[in-house]
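Chains as they are written, first to last, in the numbering used here: chain A, 1 to 337; chain B, 1 to 333; chain C, 1 to 320.
From the three backbone atoms N, C-alpha and C, an ideal C-beta is built for every residue, glycine too.
Note that the coordinates shown come from a computational prediction; the quantities given were computed from them, not determined experimentally.
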Amino acid sequence: MSEPLLQVSNLRTFFTTEEGIVRAVDGLSFTIHKGEKFGVVGESGSGKSVTALSIMRLIEAPAGEIVTGEIHFKGQDLLRLGDEEMRKIRGAQIAMIFQDPMTALNPVYTIGNQLVETIMLHQEVRKSQAVDIGIQALDDVHIPNPKVRMDDYPHQLSGGMRQRVMIAMGLSCNPDLLIADEPTTALDVTTQAQILHLMLELTEERDTAVMLITHDLGVVAGFCDNIQVMYAGRLAERGTTDFIFDNTFHPYTAGLLGSMTRLDEVREERLYSIRGAPPSLINPSNGCRFTPRCDFAQDICGSKTPLPREFGDGHWAACHFAPDLDLSRVKRAERVG
Amino acid sequence: MFQYVVRRLVYGLITLLALSIITFTLLQNTGGDPLDRIKSNPRITQQAVQEMAVFYGLDQPITKQYLTWAGNFVQFWNYPTAWGRSFQGPQQVQALVINRLGGTARLMFTALGLAVLIGIPLGIYQAIKQYSFFDQATTTFSFVTFSTPIFVLGLGLQIILALKLEQWTGVKFFYTSGMNSTSYADFSLGEKIGDTLQHLALPAASIALISIAGYSRYQRASMLEVLHSDYLRTAKAKGLSQRTVIVKHALRNALIPVITLISLDIAGVLGGAVITESIFAWPGMGRLYIQAIGQNDWPIVMAVVMLIGVMVVVMNLFADLAYGWLDPRVRYD
Amino acid sequence: MTDRNLPPGDGYAALDEAEGLTVEPVTQWQLFRSRFVRHRLAMMAAVVLGIILALALFADFLPLENPTDQLEDDNGRIVNLLSPRAEYWFGTDELGQDVLSRVIYGGRTSLTVAVLTGLMVATFGTLVGSIAGYYGGWIDTLLMRFTDLILSLPLLPVAIVAAAWLREAFRGREALSLAILLGTLLWGTLARIVRAEFLSLREKEFVEAARAAGARDRRIIFRHILPNALSPIIVNATLVIGLAIILEAALSFLGFGVRPPEPAWGAMAANGGRLAVGGSGAWWLVLFPSVALIVTVLSVNFLGDGLRDALDPTQTIERR
Numbered sequence: 001m002s003e004p005l006l007q008v009s010n011l012r013t014f015f016t017t018e019e020g021i022v023r024a025v026d027g028l029s030f031t032i033h034k035g036e037k038f039g040v041v042g043e044s045g046s047g048k049s050v051t052a053l054s055i056m057r058l059i060e061a062p063a064g065e066i067v068t069g070e071i072h073f074k075g076q077d078l079l080r081l082g083d084e085e086m087r088k089i090r091g092a093q094i095a096m097i098f099q100d101p102m103t104a105l106n107p108v109y110t111i112g113n114q115l116v117e118t119i120m121l122h123q124e125v126r127k128s129q130a131v132d133i134g135i136q137a138l139d140d141v142h143i144p145n146p147k148v149r150m151d152d153y154p155h156q157l158s159g160g161m162r163q164r165v166m167i168a169m170g171l172s173c174n175p176d177l178l179i180a181d182e183p184t185t186a187l188d189v190t191t192q193a194q195i196l197h198l199m200l201e202l203t204e205e206r207d208t209a210v211m212l213i214t215h216d217l218g219v220v221a222g223f224c225d226n227i228q229v230m231y232a233g234r235l236a237e238r239g240t241t242d243f244i245f246d247n248t249f250h251p252y253t254a255g256l257l258g259s260m261t262r263l264d265e266v267r268e269e270r271l272y273s274i275r276g277a278p279p280s281l282i283n284p285s286n287g288c289r290f291t292p293r294c295d296f297a298q299d300i301c302g303s304k305t306p307l308p309r310e311f312g313d314g315h316w317a318a319c320h321f322a323p324d325l326d327l328s329r330v331k332r333a334e335r336v337g
Numbered sequence: 001m002f003q004y005v006v007r008r009l010v011y012g013l014i015t016l017l018a019l020s021i022i023t024f025t026l027l028q029n030t031g032g033d034p035l036d037r038i039k040s041n042p043r044i045t046q047q048a049v050q051e052m053a054v055f056y057g058l059d060q061p062i063t064k065q066y067l068t069w070a071g072n073f074v075q076f077w078n079y080p081t082a083w084g085r086s087f088q089g090p091q092q093v094q095a096l097v098i099n100r101l102g103g104t105a106r107l108m109f110t111a112l113g114l115a116v117l118i119g120i121p122l123g124i125y126q127a128i129k130q131y132s133f134f135d136q137a138t139t140t141f142s143f144v145t146f147s148t149p150i151f152v153l154g155l156g157l158q159i160i161l162a163l164k165l166e167q168w169t170g171v172k173f174f175y176t177s178g179m180n181s182t183s184y185a186d187f188s189l190g191e192k193i194g195d196t197l198q199h200l201a202l203p204a205a206s207i208a209l210i211s212i213a214g215y216s217r218y219q220r221a222s223m224l225e226v227l228h229s230d231y232l233r234t235a236k237a238k239g240l241s242q243r244t245v246i247v248k249h250a251l252r253n254a255l256i257p258v259i260t261l262i263s264l265d266i267a268g269v270l271g272g273a274v275i276t277e278s279i280f281a282w283p284g285m286g287r288l289y290i291q292a293i294g295q296n297d298w299p300i301v302m303a304v305v306m307l308i309g310v311m312v313v314v315m316n317l318f319a320d321l322a323y324g325w326l327d328p329r330v331r332y333d
Numbered sequence: 001m002t003d004r005n006l007p008p009g010d011g012y013a014a015l016d017e018a019e020g021l022t023v024e025p026v027t028q029w030q031l032f033r034s035r036f037v038r039h040r041l042a043m044m045a046a047v048v049l050g051i052i053l054a055l056a057l058f059a060d061f062l063p064l065e066n067p068t069d070q071l072e073d074d075n076g077r078i079v080n081l082l083s084p085r086a087e088y089w090f091g092t093d094e095l096g097q098d099v100l101s102r103v104i105y106g107g108r109t110s111l112t113v114a115v116l117t118g119l120m121v122a123t124f125g126t127l128v129g130s131i132a133g134y135y136g137g138w139i140d141t142l143l144m145r146f147t148d149l150i151l152s153l154p155l156l157p158v159a160i161v162a163a164a165w166l167r168e169a170f171r172g173r174e175a176l177s178l179a180i181l182l183g184t185l186l187w188g189t190l191a192r193i194v195r196a197e198f199l200s201l202r203e204k205e206f207v208e209a210a211r212a213a214g215a216r217d218r219r220i221i222f223r224h225i226l227p228n229a230l231s232p233i234i235v236n237a238t239l240v241i242g243l244a245i246i247l248e249a250a251l252s253f254l255g256f257g258v259r260p261p262e263p264a265w266g267a268m269a270a271n272g273g274r275l276a277v278g279g280s281g282a283w284w285l286v287l288f289p290s291v292a293l294i295v296t297v298l299s300v301n302f303l304g305d306g307l308r309d310a311l312d313p314t315q316t317i318e319r320r
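Written out as structure tokens, the structure is:
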């Protein structure tokens, strides 16, 4: 594998609320390599977005705080950078796309204004050059009439178009890493596929690494080289896409796979559903956090925290009984994608 | 757009019509004859009173009186006779009201200027420094000021900053009444400016303090909402500096609702001038209004009410147009 | 550099340490303080209001001088302009009336006007808003045009003219006339709020269900929709009460409120102010009615804010 681009180790990001301290990300480590398409999957509240915002150092103080950890990006620890140095990395070397394109663009400025602003911030170009780069960027994301669109306000574009603009903005400075936080969740199904395809095409061309955050395993299946499944702020399972789908070790991953719907299949039996709801991350109990919802839980699960263990070739799982569980009744065997 | 403005102006005219009818009717029923003072003068004969009533049109039926007044009032270009004559003296109402309008304008512009220049930055700063000691101290202060009736504030400033301060220091810092000293005409330019400011300071401050409290509260709330918005997160994620994020991306969005609010508030403050001008014996429209009501001098009352009403209509329209101009999402239809 | 893909090493090794880990206490404190202070203030405000209300209600049973009696000393001289002292806690005014008694009875005037206004606004605003919102169409257009008209009248100038008329028509019952006046002028905002609530609530499934079950309009409005719109009504009525106290005081300050010698805070402050500026040095005549006013309005507003936070998070102007 090529050299590591981003290495997160032992990240803990906590939020202070009225009810207590929420341990949103609680001891997470992972690596993204150059040009890698890295998927992060989990339910809402599993800490995916907080991980992304921690990397960008956009956790809102004073409520949120990165408590421990290191985030090494191209050799330097982002958490030790000054604000000014971090600013130069944001948008230039690490760009981010957000979930809701309807609210992610400033309503009172034109698309062009917001695009050119980004370009001029990180590149030594004159205004007119920046405009040309901006038009090219819109053209790259297949927006028709890019010259005209530059003068449009966000509310004049559809959701899919706005997300294209966000991608154009994110890629306009050729970042090494693009973090896409649920980029297609707010879009309708056909647009979803187009946007994903576009992102894949553009990032492949530029050899840009992508950290794709989603709650939908179907979305990452065709897109990612590696998948990391998170549960309650911690790692559940990580490995190549093939491994995760074919050699599932963790009951939670199996549950996610089992509850996926597929259009190309007629099923006799009911879809599997993971019972219960994600746990509160305020004073979480000891042991494996998935215990209350796990069909395979034993006594040890409630008392001892399962550390992630490697089962060869970068396949990690945090379950006491990996790889020995027979998960076939929960998940379906065949590869989706 | 044009259609929208025309429609709004038509509604505005209907409002003004209703306002004039309501006020006129109320004034006719307030009891007391506008000519009471003249009648009580024993040297004026019954005959003369009768002639006066005819002169002012008071012998006509009320509807007729209203229509005559309204017909003349809208022809405001017939200065200074358009708005009728005061019952209490020889003055033409239009000349009198417009003269007093100057005093009110001086007070209003100073107070509103101070309120905007202090209240808006204050609210923005409070929002940026949310939860800080400064934020909590100043928001508490705003809340208390906001709950204080303006006449209490005015009296407090008069007693403490004018009377007591003069007693303690032996120096006169501020005046408690009037717009200028009686010997104003003999002053040098420097003295004139000083005298004007000494008179203006306290009444302007009492209006300004309450408006500052109100504006900063709204500005803070509006700014906080923007600071938590998705597009601000996008702006930060692009690597923009804190300064650019706030000045370019947050400020414009956060100012839109506040500018609207202030436009609507101006007319309210103008109505509230009645109280401030009474406390500080300020020769403005508001004081004239109170005096005229006391004397049943309804042409003056009508003129002042209608001027304030016009102001309300104009500022309402202005607020809407400003909103559309500042926020590209707004369309008029 | 080693590949940090591994959680090992420091992975969860620091886990046990982290279980005992505490986050910087300061940030938590600040958040807490900010939220707690508000609600504690709302509680305190309710208590203070309760006391003021009780004083006003039971003033007749308190060992107070009659608020309109001119008090005399043993020699039969009127005790006017006495500064606060043991016999007269708040002093006496220029007519020899007991200021403490007048402040308490003045509170009765203020609160009567304010509460009546609040009730009128709640009734009228709810009625207009719910009819407009429920029926829609031309009824809605008509009622809302009327509401807009009322809302675009310049409040204080119209209130003054109307007060000048009403106090003639309601001689001796000025408090009632002021409440009618303020109630008539202030219901517009609530009507708009209620209408908006009704517009969204009438499309909800439970209303559809009631309609399908054959419920009549009146039943749907009062049984099904109104209870769900209660929070904003309560909050707005509370804030209107605060505004009514200020307006009543302003009107009586200008001489268009209740007639002397009947006590009212605004009129007392106005009178005291005249004397103080005239050089009497009788600060107590201004201070006590003013403080009573500020404390009452402040309590009502704090309570309203607290209620809004508690009952109606969507209306919160401050995001926390």
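Please check the pair H33 of chain A and A209 of chain A, which I expect to be a contact at CB under 8 Å, by giving their CB distance rounded to whole angstroms.
Sure, about 7 Å apart at Cβ, within 8 Å.
Under 8 Å between beta-carbons, which chain B residues line up against P107 of chain A? List them in chain order, please.
Ordered by position in chain B, the residues that pass the 8 Å Cβ test against P107 of chain A are Y231, N253, D327, P328, R329.
Is A137 of chain B close to chain A? Criterion is C-beta to C-beta, closer than 8 Å.
Chain A, which has no Cβ nearer than 8 Å to the Cβ of A137 of chain B, makes this no.
Applying a beta-carbon distance threshold of less than 7 Å, which residues of chain B neighbour H62 of chain A?
Reading off the sequence, residue 62 of chain A comes out as Pro, not His. Ordered by position in chain B, the residues that pass the 7 Å Cβ test against P62 of chain A are Y131.
Taking 8 Å as the CB-CB limit, is N29 of chain B close to chain C?
True, the Cβ-Cβ gap to chain C drops below 8 Å.
Give the secondary structure of E65 of chain A by DSSP, where H, G and I count as helix, E and B as strand, and everything else as coil.
DSSP places E65 of chain A in strand when its eight states are reduced to three.
Do you know offhand how far E24 of chain C's Cα is from L55 of chain C's?
In this prediction, E24 of chain C has a pLDDT of 39, which is less than 50 and means its spatial position is unreliable; nothing more can be read from the coordinates.
Out of A:V125, A:S128, A:F98, A:T110, state which residue places its alpha-carbon closest to the alpha-carbon of L178 of chain A.
The shortest Cα separation from L178 of chain A among A:V125, A:S128, A:F98, A:T110 belongs to A:F98.
Can you give the Cα-Cα distance for G324 of chain B and F280 of chain B, rounded to whole angstroms?
Near 39 Å, if we compare the C-alpha coordinates of F280 of chain B and G324 of chain B.
Taking 8 Å as the cut-off, decide whether the C-beta atoms of A327 of chain C and L176 of chain C are in contact.
As shown, chain C starts at 1 and ends at 320. That puts residue 327 of chain C outside it, with no answer to give.
Nearest chain B C-beta to M96 of chain A closer than 8 Å, yes or no?
Interface residue, yes.
Counting C-beta neighbours from all protein chains within 10 Å, is the total for Y175 of chain B 16 or more, i.e. buried, or is it exposed?
By the 10 Å Cβ count, Y175 of chain B comes out buried.
Would you call N374 of chain A buried or exposed, if buried means 16 or more other Cβ atoms sit within 10 Å of its Cβ?
Here chain A comprises residues numbered 1 to 337, so residue 374 of chain A is not present and cannot be evaluated.
Since I believe T305 of chain A is in contact with G287 of chain A (beta carbons under 8 Å), could you give me their beta-carbon distance rounded to a whole number of angstroms?
The Cβ separation is near 6 Å, so the contact holds.
Could you check which residue in C:V277, C:R308, C:F302, C:L307 has the C-alpha nearest to that of G156 of chain B?
Taking only the C-alpha atoms, the option nearest G156 of chain B is C:V277.
Which chain B residues sit within Cβ distance under 8 Å of T103 of chain A?
The answer, in chain order, is S229, D230, Y231.
Taking only three categories from DSSP, how would you classify L321 of chain B?
Residue state, collapsed to three classes: helix.
Rounded to the nearest angstrom, what separates G96 of chain C and Q70 of chain C at their Cα positions?
Going by the C-alpha atoms only, they are around 5 Å apart.
How many Å lie between Y289 of chain B and I300 of chain B at the Cα?
Roughly 7 Å between the two C-alpha positions.
Let's test the definition: count the other Cβ atoms within 10 Å of the Cβ of K204 of chain C and tell me whether it reaches 16, buried, or not, exposed.
With fewer than 16 Cβ atoms within 10 Å of its Cβ, K204 of chain C is classed as exposed.
What is the rounded straight-line gap between the Cα of D305 of chain C and the Cα of G273 of chain C?
Straight-line Cα distance between these residues: approximately 31 Å.
Are the C-beta atoms of K192 of chain B and some chain A residue less than 8 Å apart?
False, the Cβ-Cβ gap to chain A never drops below 8 Å.
Please classify A191 of chain C as buried or exposed, where buried requires at least 16 neighbouring CB atoms within 10 angstroms.
Its Cβ being crowded by 16 or more others within 10 Å, A191 of chain C is buried.
If you pair each beta-carbon of the segment 160–170 of chain A with each one of the segment 136–149 of chain A, do three or more pairs fall below 8 Å?
Cβ pair count under 8 Å is three or more, so yes.
Name, in chain order, the residues that DSSP records as bridge partners for R85 of chain B.
For R85 of chain B, which the question treats as bridged, DSSP gives the partners B:Q92.
Going by CA-CA distance only, name the one from C:G137, C:E72, C:E197, C:R219 that's closest to D98 of chain C.
It is C:E72.
Using a Cβ cut-off of 8 Å (strictly closer), state whether T51 of chain A contacts chain B.
It does not; no Cβ of chain B falls within 8 Å.
By the 7 Å beta-carbon criterion, what residues does the segment 246–259 of chain C contribute toward chain B?
Correct list: I246, A249, A250, F253, L254.
What separation, rounded to the nearest whole angstrom, lies between the Cα atoms of L325 of chain A and F296 of chain A?
The straight-line gap from Cα to Cα measures roughly 8 Å.
List the endpoints of the continuous alpha helix (DSSP H) containing E205 of chain C.
Run containing E205 of chain C: 205–212, per the alpha helix (DSSP H) assignment.
Between the Cα of Q298 of chain A and the Cα atoms of A:F245, A:V8, A:A322, which residue gives the shortest distance?
Ranking A:F245, A:V8, A:A322 by Cα distance to Q298 of chain A puts A:A322 first.
For the alpha helix (DSSP H) that L165 of chain B lies in, which residues bound it at each end?
Unbroken alpha helix (DSSP H) run through L165 of chain B: 165–169.
Taking 8 Å as the CB-CB limit, is L270 of chain B close to chain A?
No, its Cβ sits nowhere closer than 8 Å to a Cβ of chain A.
Per the DSSP calculation, M230 of chain A is bridged to which residue(s)?
A:L235, per the DSSP bridge assignment.
Closer than 9 Å by beta-carbon distance: list the chain B residues that pair up with D100 of chain A, in chain order.
Correct list: D230.
Going by DSSP, which residues form a beta bridge with M96 of chain A?
Bridge partners of M96 of chain A: A:I179.
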